[in-house]
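Please read the structure below before turning to the comments.
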Amino acid sequence: MIGELKRNTNDGDYDVFAICANNNTALLEEQARKFKPEYCAVYDENKAGDLKIKLRDTQTKVLAGMDGINFISEHNKTDFVINALTGQIGLEPTLNAIRAKKNIGLANKETLVAAGDIVVREAEINGVDILPVDSEHCAVFQCLAGEENNKIDKIILTASGGPFYGRNRKDLENVTVKDALNHPTWKMGKKITVDSATMMNKGLELIEACYLFDVSPDNIDIVIHRESIVHSLAQFEDKSVKAQMSLPDMKMCIQYAITGANNGKRQKSLCGELDLTKIKNLSFAEPDNETFTFPELARSAVKRGGTLPAVMNAANEVCVDLFLREKIRFTDIFDFVREAVEKHKNTENPGIENIIYASNDIKRHFLSRFA
Ligand code: MG
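Numbering (my numbering), first residue to last: 354 to 724.
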């Protein structure tokens with residue numbers, strides 16, 4: 354499942370009005386039978402046809418393509434939208450939901466990376482809250498609760514370091530897709546797992562944090578924390594630092610986004626309890642920016658702004674896809690994304706059409722070169 358919409362009822366329970374997916378119709382069928390939504394939307398139009406047949410004994414209507422996803426994200430029976438699409442494809446439904454005045458639980462970080470200025474501006478105009486689902490940002494969001502009148506001095510994002518922590522550039526030359534997909538602490542989709550291995554994930558999260566918390570890129574630190582227990586931290590002007598800790602489990606972040614839209618009320622969860630005496634040690638280290646160049650590339654891209662962050666993101670999306678299809682090497686991802694950023698002729702104050710054009714252009718370039 355990559356997208357989900359929920360409607361709140363008065364008893365603290367949630368009705369699922371619609372769910373969507375890219376192409377995983379087996380899981381979508383299972384979820385449709387469990388949650389009985391009015392609609393399912395499948396991005397892949399052929400798969401939507403399959404799902405229609407599978408669900409013909411139910412009341413659930415099946416929609417296809419981006420039109421179907423947009424239909425459910427703006428529907429008047431929806432009041433909270435969780436966007437967990439992967440990649441820049443999540444931008445259009447996010448903007449549509451914002452314009453239809455739906456609060457959003459945002460797990461689709463590429464939306465803010467590609468078009469952060471526009472998304473934040475539209476959210477302000479429409480009086481919509483964007484609630485982070487990403488674990489680091491959910492942690493910061495929790496640290497900031499009750500601090501509305503206090504200036505944020507610094508945000509500290511923690512990074513697990515991924516499967517290749519401690520290796521240098523030469524060691525990475527021959528790593529395989531299987532190696533890159535072997536994440537030490539989080540079980541996630543393929544794209545984000547590779548992003549985690551290159552540390553582009555932390556670069557994207559740095560940009561995401563700038564927009565979610567209105568903090569300058571220079572006031573965001575990244576620290577390696579292998580245990581994934583401290584999910585991120587916020588420092589205030591008196592140099593007091595608040596951290597949020599829990600076992601690594603996305604269920605908590607998803608739930609907090611939903612209840613956060615409901616006055617920040619916490620509810621019981623299915624998550625396991627953190628026992629610090631079992632964890633024993635929490636470690637923190639400086640990131641290796643020489644080998645893993647993406648966090649600093651992302652920092653400079655968001656500072657320069659314009660279409661540059663979108664192009665960096667799109668180049669990364671296409672290079673990760675080429676790596677997963679074994680068309681390029683792991684280390685090529687670093688070089689090709691940097692090349693795309695260096696060669697890009699930046700457009701300042703871009704509209705959505707400039708952002709989409711620049712992103713598609715760089716994707717086409719790499720696809721014609723390697724696919
Ligand atoms: Mg994260």
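We treat Cβ as the ideally placed atom computed from N, Cα and C, and that holds for glycine.
Here the structure is a predicted model, which means the values were calculated and not measured.
Item: Looking at the structure shown, is V395 part of a helix, part of a strand, or coil, going by DSSP?; Value: strand
Item: Name the two residues that bound the continuous beta strand (DSSP E) containing I505.; Value: I505 to A512
Item: Where DSSP assigns a beta bridge to D574, which residues make up the other side?; Value: I509
Item: Could you give the uninterrupted runs of the alpha helix (DSSP H) lying entirely in the region 657-696, keeping only those of 4 residues or more?; Value: 661-677 and 683-696
Item: Quick check on this structure: which residue in N375, T378, P390 and A379 has the alpha carbon closest to the alpha carbon of D368?; Value: P390
Item: Please confirm whether E558 and H490 have their CB atoms less than 9 angstroms apart.; Value: yes
Item: Closer than 7 angstroms is what we want: which residues have a beta carbon that near any heavy atom of the ligand MG? List them in chain order.; Value: D487, S488, E489, N554 and E558
Item: Just the Cα atoms here: how many angstroms apart are G440 and G542?; Value: 12 angstroms
Item: To the nearest angstrom, how far is it from the Cα of T511 to the Cα of E526?; Value: 26 angstroms
Item: Here's the rule I'm using: 16 or more other beta-carbon atoms within 10 Å means buried, otherwise exposed. How should K462 be labelled?; Value: buried
Item: Using the DSSP secondary-structure output, state which residues sit across from N456 in a beta bridge.; Value: F433
Item: Excluding the 5 residues flanking N666 on each side, which residues of the same chain have their C-beta closer than 8 angstroms to its C-beta?; Value: Q441, E463, V466, A467, L557 and S712
Item: Among D397, T378 and I425, which one has its Cα closest to the Cα of K407?; Value: T378
Item: Identify every residue that forms a DSSP beta bridge with L586.; Value: I509 and A596
Item: Among residues of its own chain, excluding the 5 on either side of Q495, which ones have a beta-carbon nearer than 6 angstroms to its beta-carbon?; Value: Q597
Item: Taking the alpha carbon of N429 as the point to measure from, which residue in R520, K455 and K414 has its own alpha carbon closest?; Value: K455
Item: Determine the closest residue to P648 out of V690, I435, A460 and L627, with distance taken between C-alpha atoms.; Value: V690
Item: With a cut-off of 8 angstroms on the beta carbons, I'd call V528 and I607 a contact; round off their distance for me.; Value: So it is not a contact: roughly 31 angstroms between Cβ atoms.
Item: In this structure, does DSSP put L627 in helix, strand or coil?; Value: coil
Item: Can you list, in chain order, the residues of its chain whose CB lies under 6 angstroms from that of E427, leaving out five sequence neighbours each side?; Value: N449 and A453
Item: Return the bridge partner residues of P485 from the DSSP annotation.; Value: L459
Item: Compare the C-alpha of G519 against each of Q384, E639, Y396 and N375 and name the closest.; Value: E639
Item: How many whole angstroms separate the CB atoms of I545 and N554, which I take to be in contact at a CB cut-off of 8 angstroms?; Value: 6 angstroms
Item: Would you say the region 534-541 touches the region 615-633, given that touching needs at least three Cβ pairs under 8 angstroms?; Value: no
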